[in-house]
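Peer 1:
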Amino acid sequence: MVLVSQLEIWDVLKQITAELGEVLGQTCEVVLHDFDRPESAIVAISHGEISGRKVGDPTTNLGLPFFRDPYHAQSLFHYRTQTKSGKTLKSSTILLKDAQDKTFAALCINWDISQLQVAAHILQDLIAVSDTAVEEVLSSDIGDVLTKVIDEAIQTCNKPVDVLSREDKQRIVEILDEKGTFSIKHSVDRVASALCVSRVTIYNYLNQIRANRENHVV
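If you want the working numbering, it's the position in the sequence shown, counting the first as 1, plus 312.
(1) List the residues that DSSP assigns as beta-bridge partners of K409.
(2) Where does H498 sit, in a helix, a strand or coil, going by DSSP?
(3) How big is the Cα-Cα spacing for K471 and I439?
(4) Which value, in whole angstroms, describes the spacing of the CA atoms of D421 and R380?
(5) Three Cβ pairs or more, each shorter than 8 Å: is that satisfied between the region 503 to 517 and the region 463 to 482?
(6) Could you name each continuous alpha helix (DSSP H) segment of 4 residues or more that falls completely within the region 313 to 367, going from the start of the chain to the end?
(7) Cβ of I425 within 7 Å of Cβ of T400?
(8) Kindly indicate the opening and closing residues of the beta strand (DSSP E) around H390.
(9) Whether or not the region 348 to 362 and the region 380 to 394 are in contact is what I'm after, with contact meaning three or more pairs of Cβ atoms, one per stretch, closer than 8 Å; do they touch?
(10) Can you give the Cα-Cα distance for I521 and I514, rounded to whole angstroms?
(11) Give the straight-line distance between the Cα atoms of D410 and D437, rounded to the nearest whole angstrom.
(12) When every heavy atom of the ligand ATP is checked, does at least one fall within less than 6 Å of the C-beta of V335?
(13) By a C-beta neighbour count over all protein chains shown, 10 Å radius and 16 as the cutoff for buried, is M313 buried or exposed?
(14) Taking 8 Å as the threshold, find out whether the region 450 to 467 comes into contact with the region 489 to 505 through three or more Cβ pairs.
(15) So, with DSSP's three-state summary, where would you put K402?
(16) Going by other Cβ atoms of all chains shown within 10 Å of its Cβ, with 16 needed for buried, is A523 buried or exposed?
(17) Taking the C-alpha atoms as reference points, what is the distance between H433 and L518?
(18) What does DSSP give as the partner residues of C420 in its beta bridges?
See the structure below:
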């Protein structure tokens with residue numbers, strides 16, 4: 313069996329730290345911590361400009377408990393970190409343990425998500441809609457538009473069509489008239505079919521509604 317020296321292990325870990333930094337890119341800081349020396353825990357760092365740290369710098373407040381109890385420490389994933397300069401990082405700490413289950417090192421990966429947060433706010437503004445926004449139907453078929461408008465008017469009664477009263481149906485026709493629905497060719501037929509009445513009934517409703525409207529204006 314080939315025995316690997318502690319020095320060789322650290323050399324490999326330092327190489328992994330550097331090469332992970334290359335793989336993950338300029339917005340990701342990769343840090344290797346030595347748990348034998350909290351005052352100068354950082355032994356390798358890639359893209360340290362993200363946090364402003366360097367080799368020889370100390371552990372963090374989050375790392376201190378790991379030094380106190382290295383046997384029961386657990387890796388942490390996807391937590392928020394704030395740099396001294398105000399950057400927001402998405403961080404994960406992977407603990408490395410020896411054969412006795414003692415933590416001897418930690419590999420920390422810190423993604424700078426500050427710009428992503430700015431982009432997310434911009435995107436949220438772009439996709440935000442008003443709570444009272446009306447859903448618009450974009451179709452090359454006017455029948456689709458009619459169906460949508462008729463369905464919305466019927467839904468205002470909160471009843472199935474087969475239990476709608478005469479007053480309910482008149483109100484639906486009034487809503488549709490206010491929306492200009494009857495300016496569309498064959499709309500009377502579509503509405504009559506949807507409300508299970510005749511074309512004559514729809515015309516009667518319309519005449520009464522428009523007469524009442526004119527009298528109200530006068």
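Where a beta carbon is used, it is the ideal one built from N, C-alpha and C, also for glycine.
Peer 2: Based on what the coordinates show:
(1) T415
(2) coil
(3) 33 Å
(4) The sequence as given places Ile at residue 421; Asp does not occur at that position. Roughly 22 Å separates the two Cα atoms.
(5) yes
(6) 318 to 336
(7) yes
(8) 388 to 394
(9) no
(10) 10 Å
(11) 49 Å
(12) In the structure on display, the ligand ATP does not appear, and there are no ligands present to speak of.
(13) With a pLDDT of 48 at M313, under the threshold of 50, the modelled position of this residue cannot be trusted; read the value that follows with caution. Exposed, because fewer than 16 other Cβ atoms sit within 10 Å of the Cβ of M313.
(14) yes
(15) strand
(16) exposed
(17) 48 Å
(18) V343, T405
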